[in-house]
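The structure appears right after this line, and notes come after that.
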Amino acid sequence: MKQSNYQICVRIIEARHLPQLANSMVIVTLGNKKKRTNIHEGTDCPIFNEYFVFDFVGDFETFLSTRITIAVYLRSYLRQLKFYGSAIFDIEAVWEQPDHQYHQKWAMLTDPKSLLSEAKGYVKCNVSIKARGEKVRVHPETDDEDNIEGNLLLPIGGESLPFAQRAQYIFTVYRADGLPNMTSLCGFRDTAGINPYIQISFAGMKGSTRVLWRTCTPKFNEKIIFRENFPSFCRRIKITIKHRIDSCRTRTIATRAIHIHLISNYGEHGFLPIYGPSFLHFYGSNREKRNICSLSSLPFYRGRVLLSLKTEMDDPENLSKIGIETEPAAPIIERKLWKVEEYLLFAILYDVCMIDRRRFAKKSIVFELSIGNTGNRKFSRDQCKLKKDDDDDDDDDDDDDKEEDDKDYTQKQRTGIMRKPKDFQSQTVRRGTGSFDRKYNYLPLGSRKPCIYVRSWWPNFERRMFNINNLRFIVNFLEKKLEEVETLAAVKNPKAYETYNKAIRTFKSHCLHYLHTLDDDRYYEEGSGMIKLDRYRANLCSKQIDDILRRIKIDGEIPNNHYIEIAMMHAYQYLRELREFCDDPQDNLPRVFLWMLAGSKRVAYVELPAERIIYSEESQERGMECGQCINVFPKNPRNDTVPGEMIDLCACKIELFIWLGNAKFVASCWSSIPPGYIISDRGEPIDVFPKYFEYDRSSYFQLRAHIFQGQFEPGMDASALLDPYIHVTFLGYTLSTSVIRQSLDPLWDESLIFPVIKIHGTKEYIKIMPPKIVLQVFDRDICGMKEFCGRCIAVPLVKLSTETYLPPDFLPKLEWYRFQSTKYYTGSILAAFELVEIVKTDMIDVSLDEAMEEGKHNIPPDIRPKMASYRMEVIFWGVRDIKTVHFLPVYKPRIIIECCGVVIKSQVMENAKEFNNFKDPRIIVDLEMPELKEYYPCVTIRAFDSRGFGCFKYIGICNIPTVYVFLEQLITEEEYNAQIYEMKSERRFPWKAATVKHVPWDRNSNRVKPLIVCQATVWLP
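Here it is as structure tokens:
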């Protein structure tokens, strides 16, 4: 996990309604840290006004689950402290508040051991969370600060309750399976099971099931009941699988958290916290330390637990104290809730390149595909065949159902539907690596593309995944269209409103189709896998979409661009409301892992959620990457534990075709595979795949990458500038642009011509789905080291030999590609890519080194943006409110403006303290800029302080994304006269030469003169 550094600031202001003449103090506890106020004697309303700061360093999940306790203690005459009352809440409750803070709130003091949940007093406090060095927002004073009931410190949803209540949170743990055995847990040669039990942590309390010995498939059937206030300040439920070593020692196998706000809703159509019964999948964490009896730190699948949660409100007249109870529970009939079916996970590796030469140059590479433990050869247990326990873990009352189920189970065995564990291939053949350019290595696959696939049996929760994919399809569509409208509106395109109206009409039709899908009877039939929480969420989402459609009908379509701003605000509100339903708190299928093994070690992995690659007959319900060739970048599993390691740098780049779906749709998997391969007829069943897919059809192509310019946000160097250059990688070949020194809007104007590459597959498929291009941006430091800034994927325009290279179909258009990074760098690149088929007779034998050296050219004039001459007028008016630099005041500032490669420098101010305006402010320069608004460059404004002897100290920087905001369209004299005098060419007054009168000015004068208002003022940070 990534380490976080936060500060929790707690200000204890005062307390009210304490016992009379009490000697009170407040102790604030965060985790295992305590801080206390002074003791105030002889008052029931002490005023403390003390401020505490707690530093936290750790992963974000642990940070959110940390508890804050504000407790009041009373000192007796014997100077002993006696507990009086407390308010306890998680940090996550503060994090969910606006600006991550509670301001001027009254924390209600209660006694957790008391049967009654009545208030024993109130403590007024401020609680805020901020990053180190960040400023806390200052709130204005309000008149209702003494209104205790109106300013209570409450969790989200607690404001709607008239009084505090108490509830029973009933967790039922039924069973678990897929747990690791002693071999994978401790490394012993012991295939026996572990000693598992389940621990649930909620609201500061921990409850556990009984320990079952020597098993990997325990059946608990126990209830753990938590009695706690409702709504609770605890925002998450922590479920842990543990292994009992002996009476004194335990080990944690895996941990998961369930968020309360995802399984409940406090609105008009809301519901109490509820979950399941459903399976919860567990995975390893690389934060765990490996010891003599602990799992490996790799993120393996570590089993699943079948559990449920329901919430019951206590009777106010018969309250019980806060605590935990455990009691036995009846097992559930799983076959009445869902069906267990066979699933097929299939993948073909088409390209493996960008392999790190330093780590894997001399090692053989293997790839392994797994879902759950199925396919992972480290674990002997899997889900690859149907277990009878999955279907008949029921009551003895349903004898007829069990007899029918036994017959069905026997029939499946006879027909051979249930596969043996070895009836699939999850690993590729071990291969060595090679290199074209000595920058990266690649895996020489040639025309034989390795195939790996896995079969496994899982409960059918497809409807749950289909619902998520349908919502994400709508959200992604609306988000993409709004970005397009925003781009058009930014350059004042007159057709922006038409694009918006068309997008809203299509969005409305998608919403109506989704509502029609929810009315399907499959959501409510027995064995569909849709349980109470699924139906509650579907009902809530249906009402939300109905409300959105009602608002769209009221707003109607906009007639022109004057209403585009308010319309975009409404559309983004629709987007935010739908995004809340795109994450399902209940698990469906386990995650899919693709492991990279170098030698005998697991060095990198890719983790894919099942809903992204699940197959459905409906296109909107299908995973966006199902049946597609995708590019993935395996990450180092131990990066999070190595401080300072660049987690953006990947082990390699893999292009693979992947498909996951019900085994009955295996024919759809075959039809989705890229064509051009041949398979000998061996009489194998349709669900048996070959070890390799041999491609006998191929063509020769040449990639041409046209890199024009870039736009970057200020960097992390002392000058806030970058020395950027770009790596372009395509099918094992890598070419680089030149390094542009000290710039945020570098202009490369380079075309990188790659060597001719042989691509396997049919020309028609390559035309539709060409191989992807990887762009990586690096910043070269002074010492020559490169620093990773980001990565993006580009799709080239394909031209076949039978097509004519003429507009409008060809000549690729320059587009902005935004790169992504987990660091602070953001930016985009203006580039175009074309993949041109080369006829074999036109190919010239050129050595690879010569091709690399001759690969850089200027962008052709037909692709390069058409340039026009512009005149830029800059008025360096003055500087205001400049802060000190390294504790020294700024006396002689200089401003430097850079646009489209032209640098404009102001004069050095003589003394900013005496007179903070420039003497000669006006500078006019001519520059070349693209004609199209989409290609306009950014404007970079930097400030420096002259320290004498040619030394300038950097002060700050401001980056304006586009120069369009300063663009002015000049008018002719006739147009000016027509606007002013309502006449075209006649002059009302005769023209006379301007007379300039000299006005003496005394610099030492203290008279304040008004400043001329400039059209655009940019304040430097």
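Everything in the sequence shown is counted per my numbering, starting at 28 for the first residue and increasing by one. Glycine included, C-beta positions come from ideal geometry on N, C-alpha and C. This one's a predicted model, so the numbers in the text were calculated from it and none came from an experiment.
Look up residue i in the DSSP assignment and give the residues it is bridged to.
i, result
"Ser-726", "Ile-786"
"Tyr-302", "Leu-336"
"Gln-571", "According to DSSP, which records beta bridges pairwise, Gln-571 is partnered with nothing at all."
"Met-135", "Tyr-149"
"Val-154", "Val-37 and Tyr-129"
"Lys-265", "Ser-228 and Ala-284"
"Arg-768", "Beta-bridge pairing links Arg-768 to no other residue."
"Thr-277", "Arg-271"
"Trp-843", "Leu-857"
Quick check on residue i: does DSSP put it in helix, strand or coil?
i, result
"Trp-697", "helix"
"Ala-637", "helix"
"Thr-533", "helix"
"Trp-484", "strand"
"Ala-939", "coil"
"Gly-688", "strand"
"His-589", "helix"
"Cys-1053", "Beyond the ends of the chain as shown, which are 28 and 1048, falls residue 1053; an answer cannot be given."
"Met-492", "helix"
"Ile-706", "coil"
"Ile-795", "helix"
"Met-52", "strand"
"Gly-350", "strand"
"Trp-930", "According to the sequence shown, residue 930 is Val rather than Trp. Three-state result, Val-930: strand."
"Val-163", "coil"
"Met-623", "strand"
"Thr-544", "helix"
Residue i to residue j, Cα distance in whole Å?
i, j, result
"Leu-833", "Asp-889", "10 Å"
"Val-367", "Gln-131", "54 Å"
"Ile-398", "Pro-617", "6 Å"
"Arg-974", "Pro-920", "9 Å"
"Tyr-293", "Tyr-563", "12 Å"
"Val-783", "Cys-538", "47 Å"
"Arg-457", "Ser-391", "6 Å"
"Gln-454", "Thr-353", "45 Å"
"Pro-1027", "Lys-910", "Any reading at Pro-1027 needs caution, since the residue's pLDDT is 43, under 50, leaving its predicted position unreliable; the model's value is listed next. Taking the straight line joining both Cα atoms gives about 33 Å."
"Pro-471", "Ser-765", "29 Å"
"Met-899", "Leu-954", "7 Å"
"Lys-718", "Phe-463", "27 Å"
"Thr-199", "Tyr-480", "36 Å"
"Leu-325", "Arg-106", "53 Å"
"Arg-94", "Thr-279", "21 Å"
"Pro-477", "Trp-686", "15 Å"
"Phe-739", "Met-812", "19 Å"
"Tyr-302", "Leu-364", "14 Å"
"Tyr-149", "Pro-258", "18 Å"
"Asp-561", "Phe-116", "29 Å"
"Asn-487", "Asn-689", "9 Å"
"Ile-35", "Leu-91", "11 Å"
"Ile-382", "Gly-788", "24 Å"
"Lys-1011", "Thr-533", "Low confidence applies here, because Lys-1011 scores a pLDDT of 45, under 50, leaving its location unreliable and the question unanswered by this model."
Query raised in the report: Which full runs of the beta strand (DSSP E) of 3+ residues lie inside the segment 883-925, going along the chain?
Result: 894-902
Query raised in the report: Would the segment 225-233 and the segment 353-365 be scored as touching if the rule is three or more Cβ pairs under 8 Å?
Result: no
Report task. Only counting runs of 4 or more residues, tell me where the alpha helix (DSSP H) segments fall wholly within the segment 64-116, in order along the chain. Result -> 87-92
Requested in this report: Please confirm if the segment 46-63 is in contact with the segment 119-136, defined as three or more CB-CB distances below 8 Å between the two stretches.
Outcome: no
Query - Touch test, the segment 487-504 against the segment 636-648, Cβ-Cβ under 8 Å, three pairs minimum - result: yes
Query raised in the report: Does the segment 657-665 come within contact of the segment 601-614, defined as at least 3 CB pairs closer than 8 Å?
Result: no
Query raised in the report: Using 8 Å as the Cβ pair cut-off and three pairs as the minimum, do the segment 815-832 and the segment 793-800 touch?
Result: yes
Report task. Mind the definition here: the segment 267-285 touches the segment 581-590 only if three or more C-beta pairs lie below 8 Å; say whether that holds. Result -> no
Query raised in the report: Are the segment 860-867 and the segment 981-995 in contact at 8 Å, needing three or more beta carbon pairs?
Result: no
Query raised in the report: Counting pairs of Cβ atoms below 8 Å between the segment 240-248 and the segment 201-208, do you hit three or more?
Result: yes
Query raised in the report: When the Cβ atoms of the segment 326-335 are set against those of the segment 587-594, are three or more pairs found closer than 8 Å?
Result: no
Query raised in the report: Do three or more CB pairs link the segment 748-761 to the segment 721-740 at distances below 8 Å?
Result: yes
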